[in-house]
Amino acid sequence: MMVRTLSPVVLCFFVTLLAAPAFAQSGKIAGRVTDGGTGEPIPGANVIVVETGQGAAADIDGYYTVLNVSPQPTTIRVSALGYTEQVIEGIDVNIGQTATVNVTLREEDLGIETIVVRAERPVVETDVSNSRSNISAAEIESLPVSSVASVVGLQAGVQGLSVRGSGSDEISFQVNGLTLRDERNNSPYSTVPLSSVQEVQVQTGGFNAEYGNVRSGVVNVITKDGSRDTYEVDVTARLSPATQKNSGILANDPDSYWIRPFLDPEVSMMGTDQWSPEVRRQYAPFGGWIARSEELLRNDDPTDDLSPEALQQAFLWQHRKSFEITAPDYDLDIGFGGPVPLLSKSLGGLRFFGSYRRDQDLYMIPLHTDRYTEQTGHLKVTSNLTNAMKLSLEGRLGNQAGTGASRTGQPGFFRSNSGIAGNLDAGSGFIDSRIFSGDYWGPSEVTYNQLGGTLTHSVSNKTFYELRVNRFESRYDTNPGRRRDTATDVVTFGGVGFDEAPFGWQPFNEAGFYSTSTGVDGMRMGVGMSNARDSSRVAVWNLKGDLTSQLNRFMEVKTGLEYNLTRSQANYASIDSALTGGNEWSQWDRSPIRAAVYGQTKLEFGGMIANIGLRGDYTDPRGEWYEFTSFDPRLAVIPTQNGDPRPGLDTLLTTVGVESQFNISPRLGVSFPVTSVSKLFFNYGHFRAVPDPDDLFLVRVTSDGGQLSRIGNPNAPLPKTVAYELGYEQSFFDQYLVRLAGYYKDVSLQPFSVNYQGRGSVDYLTSEPNSYEDIRGFEITLRRNRGRWIQGFVNYTYSVFTSGYFGFPTIFENPSDQRQQAESDAARRNAQSEAQPRPFARANIDLLVPEDFGPNLAGLRPLADWRVSFIGRWQDGGNATWVGLSTAGTPDIQRNVGVKDFWSLDLRFARNFNVAGRRVSFFADVFNMLDRKDLSGLGYVDGTDRTDYYRSLHFPESSDYTNVPGNDQVGDFRDPDVAFQPICSVPSRSGFGDCQYNEGTQADQVPNPNVIYYERETGAYSTFENGEWRPVDESRLQEVLDTKAYIDMPNQSFLNFISPRDVFVGLRISL
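Positions -24 to -1, 1 to 1047 (mature numbering (1 follows the signal peptide of the UniProt record, and there is no 0)) are the ones given, in order, by the sequence shown.
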């Protein structure tokens, strides 16, 4: 519901209530102390946490609870008068969970002072009512990964930072309870040095009421505090030597699609028509340098008269870009912590932990920059002000730099091989310019900074509160690179000077043929490049808190509040200095607020857990917004007099106050034991999150005429997800955990772009809450995280995704146009789509050799402390649609051909040493260790190239298409070392005209002797040689079929295989 009078109430409530952060970052230890001889409870027994001094006394029934325990391996000391003291070590305390430790004390024995017991972590954690994974620093160390995001991406239901089919903008990523979210586009900032990580917790469903502004997943990262007594240094360095990042040739290879037609002596002078048809279709068409020279000689400009040889030299100059990778990829991760010198003891054990991380990734194809770099630094300072009060302050600086992936000013960098290749394939336009110039995309940089603090105060041994304050800011800087120097001739060919093109930003055409934006072969070298501009600034202030109290041994109650203020100053654009008609600016300066209040209780009885909560979220966009009707004539293009600027919306339209919202979200989670080694859990909840700011505050106008092209809607309701999860966990042999979980997510009120088209020139987009999704699936996980020789996990995820929209994507003012759309079959079909399920699985096998294994030779154990960890990944390829040529566009034929499954295998091989009591580890990470080739599907240069590939595949026989029958799938390929032998499917010998490789023109075709023709009428394979048809030799045919020599590969062969084996060597030193 919408409210405009609630804001003062919520704000007053917020100011007057004592509270702390809404995100639990600690756990608790609870259990019962009994007499080992009689089994009777021991009232008053003291339980002390050794690391912090926290404690509790057992009640009359022997039960105790210690709240607010840091998530780490913990030791407790239990004592009682007349009993021998007992120390329990290695208690795993996890975020938001209860570690149950029951203690049996023996009567005092004069010969024994203390009994030390090692705690065993339960395989099934009965107090968890959702799908949750707790990953320790030791587990992360064994995996061939180098980032928190990679660790998260290995969990069931997760791909990258996408959780259960939802976008990464729907997760909450927190470090020490402080949210790291860039509200420029709601993306998580997940760069955390691994040297600082103590534990990572991943929740994929069933979040308690304490979690807000999240709809799909929660990632909690706890970092180290630093020791009070000793200093710790942890350095990890990984390096991958400089090597190309694709398999096969480079983009500028003499045999490349873009190069061979212009250099090959066979065709470069006379043109590619000299080639046979099947070869000609593999390369860029070119009329030859002779024809090009004659064309220039015929014009009236004597300054561009060049011989064919001079033109070819100029071509080489304008395609001189180097594609060799000469620098390594690397990442450096450093952590250092300990007591603050001179001040530690006097300031409550003041201690610190600082960490720094830097990553460098070279681009597969150099763009404006040849690499992406990222670095971040984090410093955390902690003090125990009193025995009951702890204060932590922390700061973070981050920087990302590289080539921006957007041409419209949106955030994002080129980072992966597939991200680059995906912008060079069919439909991209000006592909050669993107590859060989340096400024099609411009440089981009983003800086992040964070300051935060946490105060924790234990009021008693059963009640504590926390206060957290946090500020997170992002700053964007995207602009063109340096201008091209067009005044200086760098080289001369045939008496004509050439400047440094295609390098340097050139926004305008300039006088003189070779100073324009076009190369000698027609390649664009300027104008319309580096169009993105962005100088946005977004700062988020966050204050949150909660109060936690253990009312009795069955009930824990938590209440909390949160307040969020965002200063969103967006300023981005798409600018073409020469062709200004399409330029668009997007600007706003808004300060929305959010506030929340929640209450929840955790009931624990006999192993059954119930989390019951209710959350209220208040959202106020603040300020005013434009008032207009759907086809308001004031939104049309208004001619100006005498070239005066068009009046802005602030002049043309009136404004009214925006509306605030208050939403109630119930949450429920239940877990109860089925047997002593199994449990069943269920959770349900409503979850809401703020949409992308573009959908709320955007006002986009063209700079040429001021035409409104898109406008947001700050009064739109928050997108909503109603989620259900049902799961079962079972322990086997006290070693293995099996988890089965099924889930359903009902997603509604998502922004959907609707185009309003008036009778005149009213034509704009706006966001309306018309989009919906249904996501359902199940997950299976098998995990073993204990054992001296072997550990690991296997998980499998199956998900079905349906999406659609209500209403129409276009609203016409003309009733006839609107009625025609409403009656269209295409409009009805497009209103809902169901993505094909593509299940995926991961497996990790971690082989360990114990530290004490093998002979001891002069203090060394050469066979001990080795570790080999494998990660296997698999995903179903799904299906594609292929209807051949004659039935193209048939809507009833969908997903009728198979796509090859994807799988890969990665490896970490490590050897640990103890040197003077310090730990040194040498390791190697090998990605795609088997060097498998998977066809990327991103090497097509245009639609014809894609069609030629599909036509060449031997799909299973079907009436949907006329391919040669076989068992091929999309993704099958011909090895680069195998020569192309085309096979054409034709109805008969007389119907050979169906073949795209025939000689002659369309009207006068003749069979190509280089082609094998498959006759569908008879199933025979024939060739046309010396004027007559002949059957193909069986042995030759079998070789062609076995080697798949018939596959017409995508023409940009340098983009076909973009995931070659990648080897990192590394060193870790822990002092």
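Even for Gly, the Cβ is constructed at its ideal location relative to N, Cα and C.
Predicted model, so just to flag it, every value in this text is computed and none were measured.
- Within the DSSP bridge table, the entry for LEU427 names GLY371 and ARG447 as partners.
- The straight-line gap separating the alpha-carbon atoms of PHE1030 and PRO791 is approximately 51 Å.
- Per DSSP, TRP251 lies in no alpha helix (DSSP H) and is assigned neither H nor E.
- DSSP places TRP842 in the uninterrupted beta strand (DSSP E) bounded by 842 to 851.
- The beta carbons of ASP668 and ASN189 sit no closer together than 9 Å.
- Between LEU373 and THR352, the C-beta gap is smaller than 9 Å, which places the two residues in contact.
- In this structure VAL1041 does not touch TYR937 by the C-beta definition: roughly 48 Å separates them, more than the 8 Å allowed.
- Residue state for TYR207 is assigned as coil, using DSSP reduced to three classes.
- One Cα belongs to PHE878, the other to HIS930, and the distance between them is close to 20 Å.
- For ALA803, same chain residues with a beta-carbon under 7 Å away, outside a window of 5 residues either side, are PHE784 and GLN797 in chain order.
- The straight-line gap separating the alpha-carbon atoms of ASP497 and GLN294 is approximately 9 Å.
- Less than 9 Å divides the Cβ of ASP522 from the Cβ of LEU537.
- Between the alpha carbons of PRO241 and ILE341 lies a gap of roughly 27 Å.
- In this structure, the straight-line span from the alpha carbon of GLY378 to that of SER934 is close to 48 Å.
- By the Cβ criterion, the segment 890 to 908 is not in contact with the segment 227 to 246, since fewer than three pairs of Cβ atoms, one from each stretch, lie closer than 8 Å.
- For ILE116, the enclosing alpha helix (DSSP H) stretches over residues 113 to 118.
- As the crow flies, the alpha-carbon of VAL173 is around 23 Å from that of ASP305.
- Minimum Cα-Cα distance from PHE708 among the listed residues LYS655, LEU702 and LEU343 corresponds to LYS655.
- Burial state of GLN177 is buried, judged by a 10 Å Cβ sphere holding 16 or more other Cβ atoms.
- Ranked by how close their Cα comes to the Cα of ASP882, the residues PRO1036, GLY133 and PRO831 have PRO1036 in first place.
- With contacts defined as CB atoms closer than 9 Å, MET499 and SER409 qualify as a contacting pair.
- Taking C-alpha positions only, ASP710 is separated from ARG543 by approximately 52 Å.
- SER550 is the residue among ALA125, SER550 and THR423 whose C-alpha sits nearest the C-alpha of PRO483.
- Distances from the CA of GLN220 to each of PHE299, PHE968, THR697 and GLY72 were compared; the closest alpha carbon is that of PHE299.
- The three-state reading of DSSP puts PHE604 in coil, since its state is none of H, G, I, E or B.
- If you draw a straight line from the Cα of VAL954 to the Cα of VAL209, it is about 53 Å long.
- Rounded to whole angstroms, the gap between the alpha carbons of LEU527 and GLY143 is 39 Å.
- For the pair of segments examined, the segment 416 to 430 was found to touch the segment 446 to 459: the number of CB pairs separated by less than 8 Å reaches three.
- With contacts defined as CB atoms closer than 9 Å, GLN726 and PRO690 fail to qualify as a contacting pair.
- Close CB contacts of ALA218 within its chain, under the 7 Å cut and outside five residues either way in sequence, are with ILE301, THR302, ALA303 and PRO304 (chain order).
- Between THR279 and PHE262, the beta carbon gap of about 23 Å keeps them out of contact (Cβ cut-off 8 Å).
- A Cβ-Cβ contact shorter than 9 Å links VAL195 with LEU137.
- Around the beta carbon of ASN943, a 10 Å sphere encloses fewer than 16 other beta carbons of the protein chains shown; the residue is thus reported as exposed.
- For ILE266, the enclosing alpha helix (DSSP H) stretches over residues 265 to 274.
- Among the bridge pairs identified by DSSP, ILE396 is matched with none.
- Taking a C-beta distance under 9 Å as the contact criterion, GLU705 and LEU713 qualify as a contact pair.
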